[in-house]
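Asks: Before we start, here is the structure in question, set down as structure tokens.
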Amino acid sequence: MPPTPPIDRRVVLRGLAAAVAALPTLGTAAAAPAAAAALGSWPVSTLEAFADTLVPGERRSSSDRAVAGAAPGPGAVQAGAIALLASPDLPLNPLLPGIAALLDARATAYAVSRLILLPLDRPPFVGLSFDHRTNLVAGLFQADDLDRAVWQLLAFLVGLAFDTAAHRHTAQALAEGHPGLVWTGFPPPDADGLWRYPSHSYGTALAEPHPATTPSGSPA
Numbered sequence: 003m004p005p006t007p008p009i010d011r012r013v014v015l016r017g018l019a020a021a022v023a024a025l026p027t028l029g030t031a032a033a034a035p036a037a038a039a040a041l042g043s044w045p046v047s048t049l050e051a052f053a054d055t056l057v058p059g060e061r062r063s064s065s066d067r068a069v070a071g072a073a074p075g076p077g078a079v080q081a082g083a084i085a086l087l088a089s090p091d092l093p094l095n096p097l098l099p100g101i102a103a104l105l106d107a108r109a110t111a112y113a114v115s116r117l118i119l120l121p122l123d124r125p126p127f128v129g130l131s132f133d134h135r136t137n138l139v140a141g142l143f144q145a146d147d148l149d150r151a152v153w154q155l156l157a158f159l160v161g162l163a164f165d166t167a168a169h170r171h172t173a174q175a176l177a178e179g180h181p182g183l184v185w186t187g188f189p190p191p192d193a194d195g196l197w198r199y200p201s202h203s204y205g206t207a208l209a210e211p212h213p214a215t216t217p218s219g220s221p222a
């Protein structure tokens, strides 16, 4: 197994946890493309491949290597997973090259153990087929994996990029056709930009409001 790249896992976990905590205050990704570009093409490609393994989508072009094209429609990459991870409003950007290097080291070890010949013109994780990427990522979430918490928090952020456009103002993201929100059928706001739900999502009220509930809907 190749040596694990130097990375302080406690720092990474703190950074990921802080990123999750900061999500409610996040609302714009205006500077994210520049921040992502500063990471370098290999770390971005590795992180894109990781995101695409979790929420796969169509290739962006015939030469796309990071996105495997394993599913129709948009995936996490098209939905802005890298923009979220690289957002200057989150403390993750300096940690992303190390996380990508750690993932590539795991991919190299996986390939060596299975006698898989990796191409030299792309990061190791990107060089794996989609099936092998999936097998590797599944192993990362096993209870005995040393870095399990890292991958869990990273996967949580990737999922939020697709499901909620966490790096964008929701109304603006919908107006601009955010791939994840459109694909999942997220409802648009009312004319004043606020969301109201006149009908219950389950078709019926699940419980009566507590009599001490405030007018805003908060518990007393």
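For the sequence shown, our numbering assigns the number 3 to the initial residue and increments by one for each residue that follows.
Note that the Cβ used here is the ideal one computed from N, Cα and C, for glycine as well.
Predicted model only: the values in this text are computed from it and were never measured.
DSSP state of PHE52, grouped into three classes?
Replies: In the structure shown, PHE52 sits in a helix (DSSP, three-state: H, G or I).
Asks: Quick check: ALA40 and ASP54, are their CB atoms within less than 8 Å of each other?
Replies: No; because the gap between Cβ atoms is not below 8 Å, this pair is not in contact.
Asks: Check whether the segment 103-118 touches the segment 44-61, counting contact only when three or more Cβ pairs, one atom from each stretch, lie closer than 8 Å.
Replies: Yes: at least three Cβ pairs fall under 8 Å.
Asks: Please state whether DSSP places ARG65 in a helix, a strand or coil.
Replies: Sequence check: residue 65 is Ser here, not Arg. Here SER65 sits in coil by DSSP.
Asks: Considering just the uninterrupted stretch of the alpha helix (DSSP H) at SER131, what are its terminal residues?
Replies: Note, SER131: premise wrong, no alpha helix (DSSP H); not H, not E.
Asks: Tell me the DSSP secondary structure of TYR112 in three-state form.
Replies: Here TYR112 sits in helix by DSSP.
Asks: Just to check my reading of the structure: PRO126 and THR110 have Cβ atoms closer than 8 Å, yes? What is that Cβ distance to the nearest angstrom?
Replies: Right, the Cβ-Cβ distance comes to about 5 Å (below 8 Å), so this counts as a contact.
Asks: Residue range of the alpha helix (DSSP H) that THR166 falls in?
Replies: Per DSSP, THR166 belongs to the alpha helix (DSSP H) from 150-166.
Asks: With respect to the alpha helix (DSSP H) encompassing TRP185, which residues constitute its N-terminal and C-terminal limits?
Replies: It spans 181-186 - the alpha helix (DSSP H) in which TRP185 sits, taken as one unbroken run.
Asks: Tell me which same chain residues have a C-beta within less than 6 Å of the C-beta of VAL64, skipping the five on either side of it?
Replies: The question names Val, but residue 64 in the sequence shown is Ser. Nothing listed; no residue qualifies.
Asks: Less than 8 Å between the beta carbons of ALA163 and GLY82, yes or no?
Replies: Yes. Within cutoff.
Asks: Could you compute how far the alpha carbon of ASP147 sits from the alpha carbon of ALA140?
Replies: The alpha-carbon atoms of ASP147 and ALA140 are separated by roughly 10 Å.
Asks: Beta-carbon separation of LEU142 and ASP149 under 8 Å?
Replies: Yes, these two residues count as a Cβ contact at 8 Å.
Asks: Which of the three DSSP states is assigned to ILE84 in this structure?
Replies: Three-state DSSP puts ILE84 in a helix.
Asks: Using the Cα positions of PRO96 and ALA167, report the straight-line distance between them to the nearest angstrom.
Replies: Rounded to whole angstroms, PRO96 to ALA167 spans 22 Å at the Cα level.
Asks: Out of ALA88, ASP66, ARG16, which one is the CA nearest neighbour of PHE132?
Replies: Out of ALA88, ASP66, ARG16, ASP66 has the C-alpha closest to the C-alpha of PHE132.
Asks: Using 7 Å as the cut-off, classify the Cβ of GLN144 as near or not near the heavy atoms of the ligand PLP, replying yes or no.
Replies: With respect to small molecules bound, the structure shown includes none, and the ligand PLP cannot be examined in it.
Asks: Which residue from ARG170, ALA173, LEU56, SER43 puts its Cα closest to that of LEU155?
Replies: Answer by Cα proximity: LEU56.
Asks: In three-state DSSP terms, what is ALA145?
Replies: Coil at ALA145, not helix or strand.
Asks: If you measure between the beta carbons of LEU86 and LEU159, is that distance less than 8 Å?
Replies: The answer is yes: Cβ separation under 8 Å.
Asks: Going by DSSP, what residue range makes up the alpha helix (DSSP H) through LEU176?
Replies: Per DSSP, LEU176 belongs to the alpha helix (DSSP H) from 172-177.
Asks: Could you tell me how far apart the beta carbons of ALA88 and LEU98 are, in whole angstroms, since I believe they sit closer than 8 Å?
Replies: The Cβ separation is near 7 Å, so the contact holds.
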